[in-house]
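Undergrad:
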Amino acid sequence: MFHQERRNSEEEVQEKIEYRDGKIYYYADAQTTHTTYPDGLEVLQFPNNQIEKHYPDGTQEIVFPDHTVKHLYSDGFKETFFPDGTVVKVEKNGDKIVVFSNGQKEIRTVQFKRREYPDGTVKTVYCNGRQETKYATGRARIKDEEGNIILDKK
Numbered sequence: 655m656f657h658q659e660r661r662n663s664e665e666e667v668q669e670k671i672e673y674r675d676g677k678i679y680y681y682a683d684a685q686t687t688h689t690t691y692p693d694g695l696e697v698l699q700f701p702n703n704q705i706e707k708h709y710p711d712g713t714q715e716i717v718f719p720d721h722t723v724k725h726l727y728s729d730g731f732k733e734t735f736f737p738d739g740t741v742v743k744v745e746k747n748g749d750k751i752v753v754f755s756n757g758q759k760e761i762r763t764v765q766f767k768r769r770e771y772p773d774g775t776v777k778t779v780y781c782n783g784r785q786e787t788k789y790a791t792g793r794a795r796i797k798d799e800e801g802n803i804i805l806d807k808k
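Going left to right, the sequence shown walks through residues 655 to 808 as my numbering numbers them.
1. Starting from residue 714, trace the beta strand (DSSP E) both ways and give me its first and last residue.
2. Going by Cα to Cα distance, which pick from 700, 794, 764 is closest to residue 782?
3. DSSP beta-bridge partners for residue 676?
4. What is the rounded straight-line gap between the Cα of residue 740 and the Cα of residue 691?
5. Do residue 768 and residue 758 have their CB atoms nearer than 8 Å?
6. Excluding the 5 residues preceding and the 5 following residue 744 in the sequence, name in chain order all residues of the same chain whose CB lies nearer than 6 Å to its CB.
7. Rounding to the nearest angstrom, what Cα-Cα distance links residue 786 and residue 778 in this structure?
8. Thinking residue 721 and residue 737 are a contact (beta carbons under 8 Å), I'd like their distance in whole angstroms, please.
9. For residue 785, which beta-bridge partners are listed by DSSP?
10. Under a three-way DSSP split, which group does residue 695 fall into?
11. Give the straight-line distance between the Cα atoms of residue 688 and residue 755, rounded to the nearest whole angstrom.
12. When DSSP builds the beta bridges, which residues end up paired with residue 806?
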């Protein structure tokens, strides 16, 4: 074990402790601990209890104080898991899929926003304002940009 303390200024004290299996840095001003491991993993712990893991392949995992967990992948894909069971997935192109804990699913793209309900009903709102609703019963309703019904097939 190796221990070193360095003062860059009166306000900031940085400590570095080396172990065979990694190094621990403590940044006093930020009250942040930064641990590095021989395999390339880096773990940051912040005073608000947020923890970030940075993996050698570019993947990051962030655990927030409310227990929300976000994964950021090197290809641009993002996943967030909320404590209530909601999951948000964001593609590199910005398309977003939200799966709610109540079974509903929402897909958001530049062209449309679609909500899928557990009973099979699907409602789509297009970027121009047009709406389509397909009910589980087989009924279909289409509204124009101004909300006027242009088709209601029962």
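A virtual CB, placed ideally from N, CA and C, is assigned to each residue, including glycine.
TA: Working from what's here:
1. 714-717
2. 764
3. 673
4. 32 Å
5. no
6. 732, 750
7. 5 Å
8. 5 Å
9. 779, 797
10. coil
11. 34 Å
12. 795
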